[in-house]
Amino acid sequence: MMSENTVYLVTGTNRGIGLAMVTILLQRPHTTVVATSRRPPQQQQHSASSSSATSIPDDLPAHATSTLVRVLLDDSDAAISSATLRDRLRDAHNIARLDVVVANAGTSSGFRDILATDPGYDLLHDFAINAAGPAKLFRAVWPLLDPAVSGGGRGGVDEGKGEERRPKFVLITSSLGSIGCLDEESMPSTAYGMSKAAANWFAKKLSVEFHDRGLLVGIIHPGFVKTSMGQAVADAIGMKEPPMSVEDSAKGVIEQIDTLTPEKSGQFLRFDGGKMPW
C-alpha cells in the first residue's frame, strides 16, 4: 500500500539532477515519489532543476511496489501554501505524510561578474527561486513532515523495523554559494552565488530551529554537473563541459540523503560526503 511506502517529494524533476533522482528512487521497493515541476516560464532559463516545458517521461522504470506521482507546482503563494499542497496530495493521491523532501528546484539569470549583474532583475530573480523558494516549500510541506501530526507511526518507533523514523528536508545547493570557496576560486556567479549563500543560511537555521522537533536537514553540493545550468557555468569560464554526469551526481546525493544522521544534519556536504566551507 502507498501508506506503507517511503514517501519522497522532489522539486524540479523535469530533467537534470531532479529527473535522475526520481529515476533512481523509483527502482527501489516500497517507494512513492512525488515529482514536482514548475509551470513553463515565459522565457527559457538555465536551471539545475530544469523548469522548462520538458515533462517527466511516462515510461520510467519502477519497482512493482513503487509509485510516481506528478504534481505541477508553480511559485505563487497560493499554489505552494501548506493547506493547498496538503489537500492536493491527500485528496488526489491519498498521501497524508512525507518522509523526505528534496528542494532541488533552482535557476539562474546568468553567470556574470558584479558590474555586469543587474540588482533590480538578476538578484531579485535568483533570490525568488533559489532562496525564497526553499523557505516557501518548507512552510508548505512541514505539516506533512511533522512527526507530531503526520501519520504512519512517525516521530517514534517504526513497529515494523523497530527503528526511529525522522523526516528529512534536503537542500540541493552549490559550491558557488560558499563564501569560503571565494578565497580559492572566484566564479562569475554574482546573483546565483548570493542566492545560494542565502539558501544555505536558511537550511542551517532550519537544522537548528527544528532539531528538537525531529527534523534532519541535508545541505548538499551535487558537484559540477552536465546540466543546462552546469553548461552555462562552463561556457562562462571557457570550459568545454562540466566533468560530472547527472547519474553520478544523483547517486551521490541520494547516498548522502540515505546516510543523513543527527550528527550530519545541518552540515554543508558534497555529494561524496566531504565537508564544504560555508
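Every letter in the sequence shown is one number past the one before it in full-length UniProt numbering, and letter 79, counting from 1, is 79.
Note that beta-carbon positions come from the ideal geometry of N, C-alpha and C, so glycine has one too.
By the neighbour-count criterion, in which a residue is buried when 16 or more other Cβ atoms sit within 10 angstroms of its Cβ, Ser175 is buried. Unbroken beta strand (DSSP E) runs of no fewer than 3 residues, entirely contained in the region 192-246, are found at 216-221, following chain order. Assignment of beta-bridge partners to Phe268 by DSSP yields Ile219. As the crow flies, the alpha-carbon of Arg70 is around 34 Å from that of Ala236.
Going by beta carbons, Leu68 and Leu98 fall outside the 8 Å limit. According to the DSSP assignment, Ala140 belongs to the alpha helix (DSSP H) that extends over 132-145.
With a cutoff of 8 Å on beta-carbon distance, Ile172 and Ile17 are scored as near each other. Here the alpha carbon of Ala35 sits roughly 32 Å from the alpha carbon of Met239. DSSP, reduced to helix, strand and coil, places Leu176 within a helical segment of the structure shown.
Between the alpha carbons of Arg213 and Asp146 lies a distance of about 8 Å. According to the DSSP assignment, Val22 belongs to the alpha helix (DSSP H) that extends over 16-26.
Counting every other CB atom within 10 Å of its CB across the protein chains shown gives Arg38 a total of 16 or more, marking it as buried. Ala135 and Phe202 have their alpha carbons spaced roughly 7 Å apart.
Leu115 has its alpha-carbon roughly 37 Å from the corresponding atom of Lys251. Our two residues, Ser66 and Val100, have alpha carbons roughly 15 Å apart in a direct line.
Relative to the Cα of Ala191, the nearest Cα in the group Pro143, Phe111, Ile220, Ser265 belongs to Phe111.
Exposed is the label assigned to Lys205, since fewer than 16 other Cβ atoms lie within 10 Å of its Cβ. When secondary structure is reduced to three states using DSSP, Ser108 falls in the strand class.
A Cβ-Cβ contact shorter than 8 Å links Asn5 with Thr31. For Ser37, the secondary structure class from DSSP, reduced to helix, strand or coil, is strand. One thing to note: Lys168 has its Cβ within 8 Å of the Cβ of Ile257. Tyr121: not part of any beta strand (DSSP E); DSSP gives it neither H nor E. Taking the Cα of Asn104 as reference, the smallest distance to any Cα among Pro119, Met21, Gln267, Phe268 is reached at Met21.
Ile179 sits exposed, since fewer than 16 C-beta atoms from the chains shown fall within 10 Å of its C-beta. When Gly106, Leu123, Thr107 are compared, the shortest CA-CA separation from Asp113 is found for Leu123. For Asp126, same chain residues with a beta-carbon under 7 Å away, outside a window of 5 residues either side, are Thr107, Ser108, Ser109, Ala191, Tyr192, Ser195 in chain order. Taken atom to atom, the span from the alpha-carbon of Pro119 to that of Gly177 is near 17 Å. DSSP, read as helix, strand or coil, puts Arg166 in coil.
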